[in-house]
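Q:
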Amino acid sequence: MTSDDQRHMYELEYPAPAVEDGASSGPTLIVAMQGYADAGHAVEGAAGHLKDALDSRTLATFNNDELIDYRSRRPMVTLSQHEISNVDDIDLDIRVLRDSKGESFLLLSGPEPDLRWEAFSKSVADLADRFNVDKTICLYAAPMGAPHTRPLVVSAHGNDRDLVGKMFTFDGMVSIPGSAAVMIERELHSRGRRVAGYTAHVPHYVASSPYPHAVYQLLQSVSDTSNLQFPLRSIERDMERVAQQLAEQTNNSDEITQVVAQLEQHYDSEMASYREKNPQKMMPGEAQVPSGEEIGEAFENFLAAIDDRDRGKTLGPGNTWEDDQIDLPEDPDDDE
Numbered sequence: 001m002t003s004d005d006q007r008h009m010y011e012l013e014y015p016a017p018a019v020e021d022g023a024s025s026g027p028t029l030i031v032a033m034q035g036y037a038d039a040g041h042a043v044e045g046a047a048g049h050l051k052d053a054l055d056s057r058t059l060a061t062f063n064n065d066e067l068i069d070y071r072s073r074r075p076m077v078t079l080s081q082h083e084i085s086n087v088d089d090i091d092l093d094i095r096v097l098r099d100s101k102g103e104s105f106l107l108l109s110g111p112e113p114d115l116r117w118e119a120f121s122k123s124v125a126d127l128a129d130r131f132n133v134d135k136t137i138c139l140y141a142a143p144m145g146a147p148h149t150r151p152l153v154v155s156a157h158g159n160d161r162d163l164v165g166k167m168f169t170f171d172g173m174v175s176i177p178g179s180a181a182v183m184i185e186r187e188l189h190s191r192g193r194r195v196a197g198y199t200a201h202v203p204h205y206v207a208s209s210p211y212p213h214a215v216y217q218l219l220q221s222v223s224d225t226s227n228l229q230f231p232l233r234s235i236e237r238d239m240e241r242v243a244q245q246l247a248e249q250t251n252n253s254d255e256i257t258q259v260v261a262q263l264e265q266h267y268d269s270e271m272a273s274y275r276e277k278n279p280q281k282m283m284p285g286e287a288q289v290p291s292g293e294e295i296g297e298a299f300e301n302f303l304a305a306i307d308d309r310d311r312g313k314t315l316g317p318g319n320t321w322e323d324d325q326i327d328l329p330e331d332p333d334d335d336e
């Protein structure tokens, strides 16, 4: 892509916010564009939650006139006192965010482009090269024949074992409709960059409504593989509210109860078969177990803390020491 094409495709913020934060590797890029593959508004919800809950600054803004078909995605216009007072912005951009422990990462969010997917994916890959992105995780959500009464499945695909790891994966070959995010995955893969996609399996009967369970599990999956930490308690409260609503609707309808029961039987059968074929995989609803390296590092920190305290006790009169906080592997069910 020529420099002229780049200037037409996106504009970098000036002065650009700092991306590197002293970490040994480059930042993680999360791709969360709402569009075709966004059942339960999970992808849009994940991006919105990260931008609302964490500090963020715009890094690059994409040109809507190059990418958006306004006739298919008409912005809302507000009229006040016979005049146009506001036109909703369509923001497709990359932002720098800091997670709960201050680590920087990048977020590409906004509407999926209608046009020029090839040029768009090359531009995103160019920016990944420019800012030394270590790994990219694309978020998706698809309607599935799964019950809301069972743990939500997040399936993974990608070219890097660490990003797919023990997550649920499909065996064999699967054909799916394309998307701009998939094009980004292909371009990054062709450049030898680590990339993966995570898909939340949303119960088909709630796919048209916001489903916070899918938002939570997508962000938790990213956290598990990237070591980023996100505040998720507000999503947990939304999950409790939606679960109560679904329980009430199910209990008040024999027909819905029967359908859910059939889905439960199919889910349980499929999960049992998958467990038998993949005993090493982490099943939906199971916690991420700390790795041997994490346990070893925590033990070393524990011993170092004891040594520091012992030395502090021998400093003599007038000197004090304080208890050091020991960083143990974090329980994945806990939030910052």
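Take 1 as the starting number for the sequence shown in full-length UniProt numbering and just add one per residue. C-beta: ideal position from N, C-alpha, C; glycine also. Model, not experiment: these values are computed from the prediction.
Can you name the start and end residues of the alpha helix (DSSP H) that MET183 belongs to?
A: Per DSSP, MET183 belongs to the alpha helix (DSSP H) from 180-190.
Q: For ASP162, count neighbouring Cβ atoms within 10 angstroms of its own Cβ and tell me buried if that reaches 16, exposed if not.
A: exposed
Q: Considering only residues of the same chain and omitting the five flanking positions on each side of GLU185, which have a CB-CB separation below 7 Å?
A: The residues are CYS138, VAL195 and GLY197.
Q: If I measure Cβ to Cβ from GLY318 and keep anything under 8 Å in the same chain, skipping five residues before and after, which residues do I get?
A: Since pLDDT at GLY318 reaches only 48, below the 50 mark, its modelled position is unreliable, and no value is offered.
Q: So which of ARG237, SER56 and MET239 has the shortest CA-CA distance to ARG95?
A: Scanning ARG237, SER56 and MET239 for the CA closest to the CA of ARG95 turns up SER56.
Q: Decide if ASP171 is buried, meaning its Cβ has at least 16 other Cβ atoms within 10 Å, or exposed.
A: exposed
Q: Evaluate VAL124 with the Cβ neighbour count: other Cβ atoms within 10 Å of its Cβ, from every protein chain shown; 16 or more gives buried, anything less gives exposed.
A: buried
Q: Whose C-beta lies closer than 7 Å to the C-beta of GLU44 among residues of the same chain, with five residues either side of it excluded?
A: GLN34 and ASP38
Q: Taking DSSP's pairing of strands, which residues face ASN86 in a bridge?
A: THR78
Q: Use the C-beta contact count for GLU322: other C-beta atoms within 10 angstroms, 16 or more gives buried, fewer gives exposed.
A: With a pLDDT of 42 at GLU322, under the threshold of 50, the predicted position of this residue should be treated as unreliable, and no value is reported.
Q: Tell me, please, whether the segment 79-86 touches the segment 244-252 by the rule of three or more beta-carbon pairs shorter than 8 Å.
A: no
Q: Do you know how far the Cα of ALA146 is from the Cα of LEU106?
A: 32 Å
Q: Is it buried or exposed, TYR10, if we count other Cβ atoms within 10 angstroms and call 16 or more buried?
A: buried
Q: Would you mind sorting ARG266 into buried or exposed? The rule is 16 or more other CB atoms within 10 Å of its CB.
A: One detail in the question is off: residue 266 reads as His in this sequence, not Arg. Counting of Cβ neighbours within 10 angstroms places HIS266 among the exposed residues, the total staying below 16.
Q: Using a 10 Å radius around the Cβ and a threshold of 16 neighbouring Cβ atoms, would you call PRO27 buried or exposed?
A: Buried is the call here.
Q: Have a look at the DSSP bridge pairing and note the partners of ASP129.
A: Beta-bridge pairing links ASP129 to no other residue.
Q: Would you mind reading off the limits of the beta strand (DSSP E) that contains GLN34?
A: 28-34
Q: For ILE30, tell me which candidate among ASP126, THR136, PRO177 and LEU218 has the shortest Cα-Cα distance.
A: THR136
Q: Do the segment 205-222 and the segment 13-20 make contact, defined as three or more Cβ pairs closer than 8 Å?
A: no
Q: Is MET239 buried or exposed, if buried means 16 or more other CB atoms sit within 10 Å of its CB?
A: buried
Q: My understanding is that VAL260 touches THR149, with C-beta atoms under 8 Å, so please give their C-beta distance in whole angstroms.
A: 6 Å
Q: Is PRO317 helix, strand or coil when you go by DSSP?
A: Annotation note: pLDDT 48 at PRO317 (below 50); position unreliable, no value reported.
Q: Comparing alpha-carbon positions, which option in ALA60, HIS201, LEU50 and TYR36 lies nearest TYR14?
A: ALA60
Q: Got a sec? Which residues, its chain only, sit under 6 Å from residue 337 by beta carbon, not counting five neighbours each side?
A: The structure shown does not extend to residue 337, since the chain is modelled only from 1 to 336, so the question has no answer here.
Q: In whole angstroms, what is the alpha-carbon distance linking GLU264 and MET173?
A: 25 Å
Q: Is the distance from the Cβ of ASP134 to the Cβ of LEU228 below 7 Å?
A: no
Q: Between which two residues does the beta strand (DSSP E) harbouring ALA196 extend?
A: 194-203
Q: On the CB-based measure, 16 or more other CB atoms within 10 Å of its CB, does ARG237 come out buried or exposed?
A: exposed
Q: Look at the Cβ atom of VAL202, then the Cβ atom of ALA128, and state whether they are nearer than 7 Å.
A: No, they are not a contact pair.
Q: Using the rule of at least 16 other Cβ atoms within 10 Å of the residue's Cβ for burial, across every protein chain shown, is GLN217 buried or exposed?
A: Per the 10 Å Cβ criterion, buried.
Q: How would you write the range of the beta strand (DSSP E) that GLY110 sits in, first residue to last?
A: 104-111
Q: Is PRO284 buried or exposed, if buried means 16 or more other CB atoms sit within 10 Å of its CB?
A: Counting Cβ neighbours within 10 Å, PRO284 comes out buried, since at least 16 surround it.
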